[in-house]
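Heads up: the sequence shown begins at 6 in this note's numbering, then just goes up one per residue.
Quick notes on the structure that follows.
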Amino acid sequence: MPHALDIDQLRTFLAIAELGSFTKAAEAVNKTQSAVSMQMKRLEERLERPIFVKDGRQSRLTEDGHRLIDFAQRMIRLNDETLCQFTEPTTVARVRLGLPDDYAERLLPQVLAAFARLNPAIEIAVQCQGSLSTVDLIRRGDLDLAIITSDDCKDIAGDVIRREPLHWVAPAKLCLHCEETLRLALGPNNCSWRAQAVAALDRVGRRHVVSYTSSSAAALIGAVQAGLAVAVLPESAVRSGMRILGEGDGFPPLPPCDITLVRAAGATDPVHDALCAHIQAAIGNVSVQMNAAE
Numbered sequence: 006m007p008h009a010l011d012i013d014q015l016r017t018f019l020a021i022a023e024l025g026s027f028t029k030a031a032e033a034v035n036k037t038q039s040a041v042s043m044q045m046k047r048l049e050e051r052l053e054r055p056i057f058v059k060d061g062r063q064s065r066l067t068e069d070g071h072r073l074i075d076f077a078q079r080m081i082r083l084n085d086e087t088l089c090q091f092t093e094p095t096t097v098a099r100v101r102l103g104l105p106d107d108y109a110e111r112l113l114p115q116v117l118a119a120f121a122r123l124n125p126a127i128e129i130a131v132q133c134q135g136s137l138s139t140v141d142l143i144r145r146g147d148l149d150l151a152i153i154t155s156d157d158c159k160d161i162a163g164d165v166i167r168r169e170p171l172h173w174v175a176p177a178k179l180c181l182h183c184e185e186t187l188r189l190a191l192g193p194n195n196c197s198w199r200a201q202a203v204a205a206l207d208r209v210g211r212r213h214v215v216s217y218t219s220s221s222a223a224a225l226i227g228a229v230q231a232g233l234a235v236a237v238l239p240e241s242a243v244r245s246g247m248r249i250l251g252e253g254d255g256f257p258p259l260p261p262c263d264i265t266l267v268r269a270a271g272a273t274d275p276v277h278d279a280l281c282a283h284i285q286a287a288i289g290n291v292s293v294q295m296n297a298a299e
């Protein structure tokens, strides 16, 4: 008789497949990296075939590993549905997460889809507002966790989890950046990116006018895509049809954009730990050691 597959091992396997590495998966499932490696070794032994292959210092899925994803998802879903039918109803844990709309568009798909599959009993309620408004909600206790732009909120403690280059972006097929007076699409007056952009242009003596102002990143992206203005956006917000402008185009470099994970004082439950770990694993590119040093 074939050996039964272990659901916990399959959950860890899906975390690796979703997040792309053993290290990130270990953080997401709250295990040590050695424990994750041991689980995958035992899973391969049960399947009697490799599901990972070494690729330099990294591991990637084999063809059988890719085939296993669908089976693992179905087995976990059926396991969870069965348990729900034969156990007493329990209160679904709920976490309130706040973040600006551009982070929601760029980062939430990476965070919530995988987290929901790994933690089906945890509900995430999302609120999208600017960083300053989001921090106010954290202070009032209306949010548990927040993802914000660090430079906009220097007076609140948090962990910098992601750092991205900040770029001048223009429509790829137009020469807006060549006009005598540069038209800009920027955030409101309290936006740090706006202040940095204006100061940089003033230093090099470039004439400019802020033609479009919005706290919505989608609106600023739309202004660029419509050929109306040049904007300042982080690297992951750059879309097809946009051109990054550099010093060769007469645009001074901008400081990087730091993304910070903030946790409310009362957010001390294991569900908060789980989502924090998953956010760091899914979108973080700054080490914990670096945060501590800073």
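Each residue gets a CB set at the ideal place from its N, CA and C atoms; glycine is no exception.
task = Have a look at Val-243 and Gln-132 and give me their C-alpha separation to the nearest angstrom.
result = The count along the sequence shown starts at 1 and reaches residue 243 at position 238. The count along the sequence shown starts at 1 and reaches residue 132 at position 127. So the alpha carbons of these two residues sit roughly 23 Å apart.
message = For Leu-150 and Val-41, I'd like the C-alpha separation in whole angstroms.
response = Sequence index remark: in the sequence shown, residue 150 carries index 145 (1-based). Sequence index remark: in the sequence shown, residue 41 carries index 36 (1-based). Distance between the alpha carbons of Leu-150 and Val-41: 27 Å.
key: Where the alpha helix (DSSP H) containing Glu-32 begins and where it ends   = Stepping through the sequence shown from its first residue, residue 32 is reached at position 27. Counting along the chain, the alpha helix (DSSP H) containing Glu-32 begins and ends at 27-33.
request  = Assuming Leu-266 contacts Ile-152 (C-beta within less than 8 Å), just tell me the rounded distance between them.
outcome  = In the sequence shown, the residue the question calls residue 266 occupies position 261. In the sequence shown, the residue the question calls residue 152 occupies position 147. At roughly 6 Å, the Cβ-Cβ gap stays under 8 Å, so Leu-266 and Ile-152 are in contact.
query = Going along the chain, which unbroken runs of the alpha helix (DSSP H) with 4 or more residues stay wholly within the stretch 114-162?
reply = Qualifying alpha helix (DSSP H) stretches, in chain order: 136-145.
ask   = Helix, strand or coil: which one does DSSP assign to Ile-1?
value = No information on residue 1 is available, as it lies outside the stretch 6 to 299 that the chain covers here.
key: Where Thr-273 falls: helix, strand or coil (DSSP)   = On the sequence shown, position 268 is the one that residue 273 refers to. Three-state result, Thr-273: coil.
task = Could you spell out where the beta strand (DSSP E) holding Ala-175 opens and where it closes?
result = Here residue 175 is taken as the residue at index 170 of the sequence shown, counted from 1. 171-176 is the span of the beta strand (DSSP E), which, as asked, contains Ala-175.
Classification of Ala-9 by the beta-carbon crowding that lies within 10 angstroms, buried from 16 upward = The sequence position of residue 9 within the sequence shown is 4, counting from 1. Burial call: exposed.
task = Pull up the CB-CB distance for Gly-192 and Ser-220, whole angstroms please, since I reckon it's below 8 Å.
result = Within the sequence shown, numbered from 1, the residue matching residue 192 stands at position 187. Within the sequence shown, numbered from 1, the residue matching residue 220 stands at position 215. Contact holds; Cβ gap of about 6 Å.
task = Can you tell me which of the three DSSP states Leu-190 falls into?
result = Here residue 190 is taken as the residue at index 185 of the sequence shown, counted from 1. A small correction: the amino acid at residue 190 is Ala; Leu does not occupy that position in the sequence shown. Here Ala-190 sits in strand by DSSP.
key: C-beta atoms of Ala-118 and Val-276 nearer than 8 Å   = The residue labelled residue 118 in the question sits at position 113 within the sequence shown. The residue labelled residue 276 in the question sits at position 271 within the sequence shown. Contact: no.
query = Should Thr-37 be labelled buried (16 or more other beta-carbon atoms within 10 Å of its own) or exposed?
reply = Reading the sequence shown from its first residue, position 32 is the one you call residue 37. Thr-37 is exposed by the Cβ-count criterion.
key: Limits of the alpha helix (DSSP H) - the one that Gly-70 falls within   = For the purposes of this step, residue 70 is taken as residue 65 along the sequence shown, with counting starting at 1. Taken as a continuous stretch (DSSP letters only), the alpha helix (DSSP H) holding Gly-70 covers 68-91.
ask   = Just the Cα atoms here: how many angstroms apart are Ala-222 and Leu-104?
value = Taking the sequence shown and counting its residues from 1, one reaches residue 222 at position 217. Taking the sequence shown and counting its residues from 1, one reaches residue 104 at position 99. Distance between the alpha carbons of Ala-222 and Leu-104: 12 Å.
task = In the DSSP assignment, find the alpha helix (DSSP H) that holds Arg-16 and state where it starts and stops.
result = One-based indexing of the sequence shown puts residue 16 at position 11. 12-24 is the extent of the alpha helix (DSSP H) around Arg-16.
key: Limits of the unbroken alpha helix (DSSP H) element including Ser-197   = In the sequence shown, the residue the question calls residue 197 occupies position 192. 197-208 is the extent of the alpha helix (DSSP H) around Ser-197.
ask   = Rounded C-beta distance between Glu-50 and Ile-56? I'm assuming under 8 Å.
value = Taking the first residue of the sequence shown as position 1, residue 50 is located at position 45. Taking the first residue of the sequence shown as position 1, residue 56 is located at position 51. That pair is no contact at about 11 Å.
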